[in-house]
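These notes concern the structure reproduced below.
Number of protein chains: 2
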Amino acid sequence: MQETEKYYWEDFHLGDTAPIGEQHLDAVEMVAFARAYDPQPFHIDEDAARQTLYGGLIASGWYTVALVMRMMVDSYLNRSASLGSPGVEQVRWLKPVRPGDTIRATRTVVETRPSASRPEMGLVKTRWEVFNQHHELVMTMEGVQMFRRRNAGKAR
Amino acid sequence: MQETEKYYWEDFHLGDTAPIGEQHLDAVEMVAFARAYDPQPFHIDEDAARQTLYGGLIASGWYTVALVMRMMVDSYLNRSASLGSPGVEQVRWLKPVRPGDTIRATRTVVETRPSASRPEMGLVKTRWEVFNQHHELVMTMEGVQMFRRRNAGKAR
């Protein structure tokens, strides 16, 4: 692998925005995820779900997050000098996501700063937005990712 | 099912705290989750993981979240009049979680209020704390859950 192919902290700039992928929601996988990790009736049982305010099966919010995580990894994280993440905030599930939907996501850099404690590292705060096939915003999330710096400890 | 067995919004009180479960981390399931949703080297490849700052395989932060979600469902959500969640905030991955670890979680009610727009609904903000077998805090999360009210529109 050529180091120059990777994204380092210096390669993320405030305001950068890009699509990161799209995914059709398969009912079988969606329900399998919920059976394992979030077995509430409106996520796993078609009949029970129809009786709820959702009117039918909806994805676990964590399944939507997991699909977006996979988009991040495929679209840029696995070609970056990623050092992981200390956390996320503001996960907002705005509209139900349902079997058969196709979601797509974008990323936007909302903050970038060097680590105060570790000169080899920089932090990038990103906002992700997720839309369905009707162009409705269904989920947003903000989180911080840590990346190795190309020029440790220097100004960018 | 007797309605009286369920937790309604009125049954959650500021400061209430309780354990919600524990889970041994199985390496096979942990890696399968990461291969599907978060295939970064330090989550899926033992050899590659050893070369990183983590020194070995660590769980995807979303896998830890998923295990805690399952604890929530089993310990109280599926016996409650849950109406889902609008989102979470402040997920903090404080220490790596590794195969073979046993994690346990607690919940604490940090805010409770009626819905301003929907008299049949109330909101409960909860903080979850996750510890490993060494009693180290490995993850925290705060989020809001919506519950049906036993006495819609009245003071509790």
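Line by line, the protein sequences give chains A and B. So the first sequence is numbered by this note's numbering: it starts at 773 and just counts up by one. So the second sequence is numbered by this note's numbering: it starts at 773 and just counts up by one. Just so it is clear, CB atoms sit at the ideal spot from N, CA and C, and this is done for glycine as well. Small disclaimer: the values here were computed from a predicted structure and weren't measured.
Nearest residue (CA-CA) to residue i, options the options
i        : options                                   : result
B:Phe814 : B:Ala804, B:Tyr779, B:Leu829 and B:Phe805 : B:Leu829
B:Thr880 : B:Thr874, B:Leu855, B:Thr912 and B:Asp873 : B:Thr912
A:Arg748 : A:Ser889, A:Met802, A:Val863 and A:Met843 : Residue 748 of chain A is absent from the model: chain A starts at 773 and stops at 928.
B:Glu794 : B:Glu861, B:Gln905 and B:Ser887           : B:Gln905
A:Ser887 : A:Asn923, A:Asp873 and A:Met802           : A:Asn923
A:Ile792 : A:Tyr835, A:Ile816 and A:Met841           : A:Met841
A:Gln823 : B:Asp873, B:Leu855, B:Tyr809 and B:Tyr826 : B:Leu855
A:Tyr835 : A:Thr789, A:Val800 and A:Arg890           : A:Val800
Range of the contiguous beta strand (DSSP E) that encloses residue i
i        : result
B:Trp900 : Met893 to Phe903
Three-state class that DSSP yields for residue i in the structure shown
i        : result
A:Glu914 : strand
A:Glu801 : helix
B:Tyr809 : helix
A:Phe919 : strand
A:Glu775 : Summary for A:Glu775: the model assigns pLDDT 49, below 50, so the residue's position carries little reliability; its value from the coordinates is reported in the next sentence. Helix.
A:Ala924 : coil
B:Arg890 : coil
Contacting residues, own chain, Cβ-Cβ under 6 Å from residue i (five flanking each side not counted)
i        : result
B:Gln917 : Ser857 and Val896
B:Ala853 : Lys778, Tyr780, Phe919 and Arg920
A:Glu818 : Leu829
N-terminal and C-terminal residue of the alpha helix (DSSP H) that residue i is part of
i        : result
A:Arg822 : Glu818 to Arg822
A:Ala790 : Looking at the DSSP string, A:Ala790 is not in any alpha helix (DSSP H); the run it does join, the beta strand (DSSP E), is Thr789 to His796.
A:Val863 : It is not in any alpha helix (DSSP H) - A:Val863 instead sits in the beta strand (DSSP E) that spans Gly859 to Trp865.
A:Asp846 : Gly833 to Ser847
Per DSSP, cross-strand counterpart(s) of residue i
i        : result
A:Ser852 : A:Tyr779
B:Thr884 : B:Val896
B:Arg879 : B:Ala790 and B:Trp900
B:Leu909 : B:Phe903
Cut-off 8 Å between Cβ atoms - residues of its own chain near residue i, not counting five sequence neighbours on either side
i        : result
A:Leu909 : Leu866, Lys867, Glu901, Val902 and Phe903
A:Arg870 : Leu797, Gly828, Leu829, Ile830 and Ala831
B:Thr884 : Trp781, Phe784, His785, Leu786, Gly894, Leu895, Val896 and Lys897
B:Gln862 : Thr912, Met913 and Glu914
Own chain residues within Cβ distance below 7 Å of residue i, not counting five before or after
i        : result
B:Gly899 : Note that residue 899 of chain B corresponds to Arg in the displayed sequence, not to Gly. Here the set comprises Thr880, Val882, Thr912 and Glu914.
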